[in-house]
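Here the structure is laid out as structure tokens; the discussion comes afterwards.
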Amino acid sequence: MDLDTITEVVRRPSGRPGADWRSGDARLAGGTWLFSVGQPDLRRLIGPAGPMITLTVALEARYELWAPDGSVRTVDSLAFVTGNTSVTTGRRP
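Under the working numbering, the residues of the sequence shown are numbered 20 to 112, in order.
Next comes the structure, spelled out in structure tokens:
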């Protein structure tokens with residue numbers, strides 16, 4: 020589904036979470052639902068990945084990763100994110 024009403028994507032919100040929130044905003048947060056149906060009232064997408072990653076690391080979460088071949092594996096949240104723009108798949112070479 021194309022989101023043709025979006026005029027801005029905010030990748031790194033400034034200030035505390037929610038401080039710049041306005042009508043027509045949506046948190047991207049993976050986006051599966053956002054892209055499943057039309058969203059005519061949305062204008063901006065906000066990238067909230069940072070706070071969610073911090074929360075899952077603090078809770079010592081483990082991610083369950085599903086591969087296209089049907090295999091499933093788990094990765095510690097601390098080991099999953101390896102930098103500002105990269106993640107690991109949890110596979111060893």
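Where a beta carbon is used, it is the ideal one built from N, C-alpha and C, also for glycine.
Since this is a predicted model, take the numbers as computed values, not measurements.
For D23, would you say it is in contact with chain D, using Cβ-to-Cβ distances shorter than 7 angstroms as the test?
Looking at the structure shown, chain D is missing, and only one protein chain is on hand.
Whole angstroms is fine: what's the gap from D21's alpha carbon to R30's?
Here residue 21 corresponds to residue number 2 of the sequence shown, with the count starting at 1. Here residue 30 corresponds to residue number 11 of the sequence shown, with the count starting at 1. Approximately 19 angstroms between the Cα atoms of the pair.
Give me the DSSP bridge partner(s) of I25.
By one-based count along the sequence shown, residue 25 stands at place 6. According to DSSP, I25 bridges with nothing at all.
Would you decide whether V100 is buried or exposed? Buried here means 16 or more other CB atoms lie within 10 Å of its CB.
Here residue 100 refers to the residue found at position 81 of the sequence shown. Result: buried.
Do you know whose CA, among E83, D88, A38, L61, lies nearest S96's CA?
In the sequence shown, the residue the question calls residue 96 occupies position 77. That would be E83, whose Cα lies nearest to the Cα of S96.
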